[in-house]
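For what it's worth, my numbering labels the leading residue of the sequence shown as 21, then goes sequentially. All residues carry an ideal CB built from backbone N, CA and C; glycine is no exception. Keep in mind that this is a model prediction, so the values were computed, not measured. Structure first, then comments.
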Amino acid sequence: MSYTGLIEVMGRVNDFLNASSVLSWDARVMMPRGGSASRSKQLSTLTVAARNLLCSDEVKRALEGAEKDVAGKAADSPEARLVAQVQEAIDWHERIPAELLRRKTELGSEAHAVWAEARRTANFGLFEGALTQMVEINREMAQAIGYEDHPYDALMYRFEPGMTKKGLDTLFAQLREGMLPLVRAIAQAEQPRSEFLRRDYPENQQMAFALKMAEKIGYDLDRGRLDLTVHPFEISFTRNDVRITTRVARNFMQMSLFGALHEAGHGMYEQNVDPAYTRTPLATDLISLYAVGGVSFGAHESQSRLWENHVGRSRAFWANHMDDIRAAHPGLLDDVTPEEFYRAINTSAPSLIRVEADELTYDFHVMLRCELEAKMVDGSLAVADLPEAWNAGMKDMLGVDVPDDAHGVLQDVHWSSGQIGTFCNYTVGNIMAAQLFETATAGDPAIKAGLDAADYAPLRNWLSENVARHGRRFSRDELLEQATGRKLDPAPYLAYLKQKYSEIYALA
21 MSYTGLIEVM
31 GRVNDFLNAS
41 SVLSWDARVM
51 MPRGGSASRS
61 KQLSTLTVAA
71 RNLLCSDEVK
81 RALEGAEKDV
91 AGKAADSPEA
101 RLVAQVQEAI
111 DWHERIPAEL
121 LRRKTELGSE
131 AHAVWAEARR
141 TANFGLFEGA
151 LTQMVEINRE
161 MAQAIGYEDH
171 PYDALMYRFE
181 PGMTKKGLDT
191 LFAQLREGML
201 PLVRAIAQAE
211 QPRSEFLRRD
221 YPENQQMAFA
231 LKMAEKIGYD
241 LDRGRLDLTV
251 HPFEISFTRN
261 DVRITTRVAR
271 NFMQMSLFGA
281 LHEAGHGMYE
291 QNVDPAYTRT
301 PLATDLISLY
311 AVGGVSFGAH
321 ESQSRLWENH
331 VGRSRAFWAN
341 HMDDIRAAHP
351 GLLDDVTPEE
361 FYRAINTSAP
371 SLIRVEADEL
381 TYDFHVMLRC
391 ELEAKMVDGS
401 LAVADLPEAW
411 NAGMKDMLGV
421 DVPDDAHGVL
431 QDVHWSSGQI
441 GTFCNYTVGN
451 IMAAQLFETA
461 TAGDPAIKAG
471 LDAADYAPLR
481 NWLSENVARH
491 GRRFSRDELL
501 EQATGRKLDP
511 APYLAYLKQK
521 YSEIYALA
């Protein structure tokens with residue numbers, strides 16, 4: 021067989037994973053609660069089928085022929101990278117027993133429904149058993165995969181290749197050193213006016229405006245749609261069908277808006293992957309078995325955080341769109357100026373919910389989750405003790421008292437599906453977003469001029485050219501070095517936070 025044959029059979033692997041994504045989207049958006057048990061079997065069947073096809077003799081024969089076909093090509097060519105990634109994925113999955121993957125997939129679907137009910141009733145006890153099983157499965161996976169220093173390293177590799185617990189600890193220490201002085205100074209400062217954000221905003225008006233803004237920045241509705249869900253997410257079934265979700269609270273209008281902008285950033289990443297990579301390993305995460313084109317979950321988060329924060333929470337954005345949001349909510353914002361709105365949506369105060377946290381305190385939520393995950397995986401923290409550890413961590417890091425499990429340990433969906441090792445991606449994404457945005461705006465005056473005039477095409481085109489179109493061809497740091505001239509660097513992120521919040525709060 022040949023390279024062409026490998027492309028054909030890997031397209032079938034991608035088809036399995038996209039079919040699984042369709043069922044996952046339905047389960048989280050439309051499926052009645054009674055469907056969870058059978059849905060877990062369906063998802064397990066598709067995921068194991070994808071894994072078995074990937075590791076089959078058919079793929080290995082095709083891979084042998086493909087390796088000969090690409091032997092003369094540059095090591096970083098799309099063809100050579102595709103072949104190398106298939107080989108790496110086969111080696112990876114052959115270390116993990118298929119039965120272990122089946123158990124994890126089935127439990128993930130069942131546990132999601134259990135988590136949703138536990139969150140609704142603020143009762144961690146309902147979820148404790150499922151999470152205990154999921155942690156044990158992840159421990160088994162880490163042992164099967166192998167690691168040098170900490171089992172958490174093996175689990176993070178699925179989502180952020182190259183990241184280790186040791187490296188993450190160093191990164192978090194740098195961030196704390198840069199952020200804590202700002203957090204402490206703001207705690208003594210007067211907060212901007214923001215009561216208008218909690219007025220009664222009708223849900224249908226919120227959804228209409230959120231969709232309008234997502235489309236304005238470039239999310240293609242001919243290849244996408246926006247729906248409501250418990251916990252916002254983006255999911256793609258190839259670049260031609262990329263769906264996003266958000267959630268609505270009548271008295272917290274910004275949640276739906278910035279949730280939609282965040283997920284639209286994810287969606288535009290997928291929509292702008294090179295069309296030639298469709299149904300290939302360069303648009304398929306063969307390690308995690310997701311049909312996703314982003315090179316890492318952190319790279320994906322860089323796009324969502326960039327559009328949500330650097331664009332959507334900017335002064336220029338609301339100078340341009342204040343009339344739009346007033347029109348979307350007649351009479352509710354007539355007494356609010358663009359400057360007041362800008363300052364309100366950028367207030368910084370410790371809070372309970374990660375997805376509602378401001379930019380400055382957000383990463384402390386991530387740090388806590390990574391710390392607790394690593395302890396659960398290495399066995400130094402029992403799942404039964406997780407709520408107590410969570411509440412203590414929130415008090416220590418952010419000074420807040422957790423009133424119940426729904427506002428604490430149960431707030432995020434990730435652990436129910438077995439995504440242990442993925443929370444670091446959010447902070448990696450924040451750092452990457454600042455690094456990319458700094459380079460883009462400094463290197464091309466048309467980008468800043470466009471943002472000032474509500475023309476988002478120049479920035480979108482730069483990100484498509486330097487990030488999205490490459491799919492999974494390059495590693496995260498290769499992508500960053502090509503786009504910005506250096507690997508992951510927290511300096512632009514810390515400088516951005518200091519400049520922004522010092523100005524908002526008139527800090528010396």
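With three or more CB-CB distances shorter than 8 Å, the region 362 to 376 counts as touching the region 197 to 213. Its chain contains 127, 130, 131, 134, 135 and 436 as the residues whose beta carbon lies nearer than 8 Å to that of residue 150, once the 5 sequence neighbours on both sides are disregarded; these appear in chain order. Beta-bridge analysis with DSSP links residue 71 to no other residue. When the alpha-carbon of residue 123 is set against those of 200, 438 and 24, the nearest one is in 438. For residue 307, the closest of 179, 483 and 117 by C-alpha to C-alpha distance is 179. If you ignore the 5 residues before and after residue 57, its C-beta comes within less than 7 Å of the C-beta of 130, all in its own chain and listed in chain order. For residue 27, the enclosing alpha helix (DSSP H) starts and ends at 23 to 49.
Using a Cβ distance threshold of 8 Å, residue 309 and residue 71 count as a contacting pair.
When Cβ pairs closer than 8 Å are counted between the two stretches, the region 464 to 478 is seen to touch the region 229 to 239, the count reaching three or more. Of the other Cβ atoms in all chains shown, 16 or more fall within 10 Å of the Cβ of residue 425; this residue is therefore buried. Straight-line spacing of the CA atoms in residue 104 and residue 497 works out to 17 Å.
Positions of the alpha helix (DSSP H) runs, each at least 4 residues long and wholly inside the region 121 to 193, are given as 144 to 165 and 171 to 177 in order along the chain. Here the C-alpha atom of residue 511 lies approximately 13 Å from the C-alpha atom of residue 193. The three-state secondary structure of residue 459, taken from DSSP, is helix. Taking C-alpha positions only, residue 441 is separated from residue 347 by approximately 42 Å. Ranked by how close their Cα comes to the Cα of residue 266, the residues 293, 390, 223 and 196 have 223 in first place.
In this structure, the alpha-carbon of residue 450 lies about 43 Å from that of residue 21. Only residues of its own chain outside the window of five on either side were considered, and among them 195 and 447 have a CB closer than 6 Å to the CB of residue 383, listed in chain order. For residue 452 against residue 322, the beta-carbon gap comes to about 3 Å, under 8 Å, which counts as contact. A distance below 6 Å between beta-carbons, with the five flanking residues on each side excluded, links residue 276 to the following residues of its chain, in chain order: 226, 230, 266 and 268. Between residue 263 and the set 244, 248, 251 and 38, the nearest pair of CA atoms involves 244. For residue 245, no alpha helix (DSSP H) encloses it; the enclosing beta strand (DSSP E) starts and ends at 244 to 248. Residue 520 sits buried, since 16 or more C-beta atoms from the chains shown fall within 10 Å of its C-beta. In this structure, residue 483 and residue 380 do not form a Cβ contact; the two beta carbons are roughly 24 Å apart against a cut-off of 8 Å. Minimum Cα-Cα distance from residue 351 among the listed residues 164, 219 and 413 corresponds to 219. Per DSSP, reduced to three states, the secondary structure at residue 255 is strand.
Looking at the DSSP output, residue 262 sits in a beta bridge with 244 and 256. Per DSSP, residue 507 is not a residue of any alpha helix (DSSP H), being assigned neither H nor E. Rounded to whole angstroms, the Cβ separation of residue 37 and residue 62 is 13 Å, and the two are not in contact under 8 Å.
The C-alpha of residue 515 is placed about 9 Å away from the C-alpha of residue 198. Shown here, residue 305 sits in a strand according to DSSP, grouped into three states. Counting only residues of its own chain and dropping the five nearest sequence neighbours on each side, residue 470 has a CB closer than 7 Å to the CB of 476, 477, 478 and 479.
Around the C-beta of residue 166, fewer than 16 other C-beta atoms lie within 10 Å, and the residue is accordingly described as exposed.
Counting C-beta pairs closer than 8 Å gives three or more between the region 352 to 364 and the region 333 to 342, which meets the contact rule. In chain order, 374 and 377 place their CB closer than 6 Å to the CB of residue 385, counting only its own chain and leaving out the 5 sequence neighbours on each side. For residue 145, the number of other beta carbons within 10 angstroms of its own is below 16, and it is reported as exposed.
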